[in-house]
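Trainee: Residue numbers (this note's numbering): 4 to 338.
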Amino acid sequence: MTKTIVLLVFMISQSVFSTVLHWPECAKGTLTVQNKSNQIQKFWLQKFDPTLNTETETEIPALQNMKIEILQRTNTERNSLLHFSDHKNFDITFNCNQKNYPATMIEGGVQTFRKSNLPQQTIYLKNLYTSSNYFKIETLNRFRQPIKTIFASLKSNEQRKIMLQIVKDSAYTRITADNKFAAFNLTVSGSENVMIADSEIKPEIQNAVFFEIAPRTGSGDSFIAQIKDPNLIDKARLQISNPSLEKMLFAKIQKGHNNQNRNLASVTKSFWNWSVTEVTNIADIGSTACNGLPQILDDRIDSWVTDPGRICFWTYRIKREVPASEIATGQKISF
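Rendered as structure tokens:
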């Protein structure tokens, strides 16, 4: 509890943008964290199994390197490094069995990798959802047309290497999943990050009014809330046209994105592991219990849905109305 309070205080006083960096796990390895900025940076080393177990706050001096020994205690344990600054401030590399695995910030979406230099294409999948996640792994030709497809189901927090036999004309591997995931293309020297990261398309939702909720000022992660109450819809539109009103959104939440809750600020326009079920109010001030960030909720989804079971992010405001087509595709449609 103490760590969470300290983290929330830091979030409120600093940038609300968050980046989670992942790397392939093995039994034992060394994580090298480089602070490339001219300022002291903070990060939190997180361990999940399958939900968040520990979160260690660390401070790294400007322009310094730090080495951290990582020990994987179970097959389902995974590690992440969370920070609240520009991801370009950090260079993260994991060394395991004399191979280097650069961290990735790409979560979810549609990820496409080049064919590796191994005799077999080896893909490392990491389920970032605390329930089962279903994957489609496609081998593509040089025109990015599928020539072979396999399906896989990963349990809560499971990590798995997928061995794909190289077939004639294969040039790429494309991965999609129902819920959030991370992936790496393993090579003889370690791994390579995703070459192309596209939005995942979900079924379009009709007869609804959606709003993007984003940081009050500056950049950062965003989320989507559906509002059904006509009075609250009017209040939301008034907040957009009059930002000086400074009204916060209050809502009940559930586990699962429900094909609605995208992070439109992310590279992949990926879906969060949670969504709003009901907007209950748009008002001036809320309890500390429901304050936080979209990423903090995502990391603690299984506990947050029951306690407190709602959100009122202090540093977030209603920014714009989002058409259903953008919710479905993750892309703005120009006419």
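The beta carbon of each residue, even a glycine, is placed where N, CA and C say it ideally should be.
Can we say the stretch 195-211 touches the stretch 262-278, given the rule of at least three CB pairs closer than 8 Å?
Mentor: With a cut-off of 8 Å, the stretch 262-278 and the stretch 195-211 count as touching, because enough Cβ pairs lie within range.
Trainee: Just verifying my parser: in three-state terms, what is the DSSP assignment at Q162?
Mentor: Residue 162 sits at position 159 when you count from the first residue of the sequence shown. DSSP places Q162 in strand when its eight states are reduced to three.
Trainee: Three-state secondary structure (DSSP) at Q67?
Mentor: Taking the sequence shown and counting its residues from 1, the one referred to as residue 67 is at position 64. Correct three-state label for Q67: coil.
Trainee: Please list, in chain order, all residues of the same chain as N92 whose beta carbon is under 7 Å from its beta carbon, the five residues on each side excluded.
Mentor: On the sequence shown, residue 92 is found 89 positions in, with the first residue counted as 1. Here the set comprises N38, K39, S40, Q44.
Trainee: Within 10 angstroms of its Cβ, does Q17 collect 16 or more other Cβ (buried), or is it exposed?
Mentor: On the sequence shown, position 14 is the one that residue 17 refers to. Because Q17 carries a pLDDT of 48, less than 50, the predicted location of this residue cannot be relied on, and the following value inherits that uncertainty. Flag for Q17 reads exposed.
Trainee: Whole angstroms is fine: what's the gap from T7's alpha carbon to V23's?
Mentor: The sequence position of residue 7 within the sequence shown is 4, counting from 1. The sequence position of residue 23 within the sequence shown is 20, counting from 1. Only weak support exists for where T7 lies, its pLDDT of 44 falling under 50; the value from the coordinates is given anyway. One C-alpha to the other measures close to 16 Å.
Trainee: Taking its Cβ as the centre, do 16 or more other Cβ atoms sit within 10 Å of R147, making it buried, or is it exposed?
Mentor: Sequence index remark: in the sequence shown, residue 147 carries index 144 (1-based). Result: exposed.
Trainee: Among A185, K183, D181, T152, which one has its Cα closest to the Cα of Y175?
Mentor: Sequence index remark: in the sequence shown, residue 175 carries index 172 (1-based). That would be T152, whose Cα lies nearest to the Cα of Y175.
Trainee: Mind reading off the beta-carbon distance from G111 to F274? Whole number of angstroms is fine, and I expect it under 8 Å.
Mentor: For the purposes of this step, residue 111 is identified with residue 108 of the sequence shown, where counting begins at 1. For the purposes of this step, residue 274 is identified with residue 271 of the sequence shown, where counting begins at 1. Yes, they are in contact, since the Cβ atoms of G111 and F274 sit about 6 Å apart, within 8 Å.
Trainee: How many whole angstroms separate the CB atoms of Y127 and S194, which I take to be in contact at a CB cut-off of 8 Å?
Mentor: For the purposes of this step, residue 127 is taken as residue 124 along the sequence shown, with counting starting at 1. For the purposes of this step, residue 194 is taken as residue 191 along the sequence shown, with counting starting at 1. So it is a contact: roughly 7 Å between Cβ atoms.
Trainee: Which two residues bound the contiguous alpha helix (DSSP H) that contains I183?
Mentor: Translated into the one-based positions of the sequence shown, residue 183 becomes position 180. The residue asked about is misnamed: residue 183 is Lys in this sequence, not Ile. Looking at the DSSP string, K183 is not in any alpha helix (DSSP H), and its letter there is neither H nor E.
Trainee: For W277, which option in N98, V270, L300 has the closest C-alpha, if you only look at C-alpha atoms?
Mentor: In the sequence shown, counting from the first residue as 1, residue 277 sits at position 274. It is L300 whose Cα lies nearest to the Cα of W277.
Trainee: Let me make sure I understand the geometry here. Which of S156, F87, N78 has the alpha-carbon closest to that of G221?
Mentor: If you number the sequence shown from 1, residue 221 lands on position 218. Of the listed residues, the one whose Cα sits closest to G221 is F87.
Trainee: Would a C-beta distance cut-off of 9 Å place Q124 and S173 closer than the cut-off?
Mentor: By one-based count along the sequence shown, residue 124 stands at place 121. By one-based count along the sequence shown, residue 173 stands at place 170. Yes, the Cβ-Cβ distance between Q124 and S173 is below 9 Å.
Trainee: Buried or exposed for N120, please, with buried defined as at least 16 other CB atoms from any protein chain shown within 10 angstroms of its CB.
Mentor: Taking the sequence shown and counting its residues from 1, one reaches residue 120 at position 117. Classification of N120: exposed, given that the 10 Å Cβ count is below 16.
Trainee: Within a Cβ cutoff of 6 Å, which residues of the same chain sit near K238, ignoring the five residues on either side of it in sequence?
Mentor: For the purposes of this step, residue 238 is taken as residue 235 along the sequence shown, with counting starting at 1. Closer than 6 Å at the Cβ level, and outside the excluded window around K238, lie I285.
Trainee: Measure the CB-CB distance between K343 and A185 and report whether it falls below 9 Å.
Mentor: The requested residue 343 is not part of the displayed model; the chain covers only 4 to 338.
Trainee: For D287, does the three-state DSSP call read helix, strand or coil?
Mentor: As a working note, residue 287 is residue 284 in the sequence shown. Note: D287 maps to coil in three-state DSSP.
Trainee: My assumption, with CB atoms under 8 Å, is that L48 sits in contact with T35. Please give the rounded CB distance.
Mentor: Here residue 48 corresponds to residue number 45 of the sequence shown, with the count starting at 1. Here residue 35 corresponds to residue number 32 of the sequence shown, with the count starting at 1. So it is not a contact: roughly 13 Å between Cβ atoms.
Trainee: When DSSP builds the beta bridges, which residues end up paired with M108?
Mentor: Taking the first residue of the sequence shown as 1, we reach residue 108 at position 105. Note: M108 sits in no beta bridge, so no partner.
Trainee: Report all residues from its chain with a CB closer than 6 Å to the CB of T61; omit the five preceding and five following residues, and keep chain order.
Mentor: Working through the sequence shown from its first residue, we reach residue 61 at position 58. Correct list, in chain order: F46.
Trainee: Return helix, strand or coil for C293, following the three-state DSSP convention.
Mentor: Locating residue 293 in the sequence shown gives position 290, where the first residue counts as 1. Correct three-state label for C293: helix.
Trainee: Given that a residue counts as buried once 16 or more other Cβ atoms are within 10 Å of its Cβ, and exposed if not, what is Q114?
Mentor: The count along the sequence shown starts at 1 and reaches residue 114 at position 111. Answer is buried; the Cβ neighbour count reaches 16.
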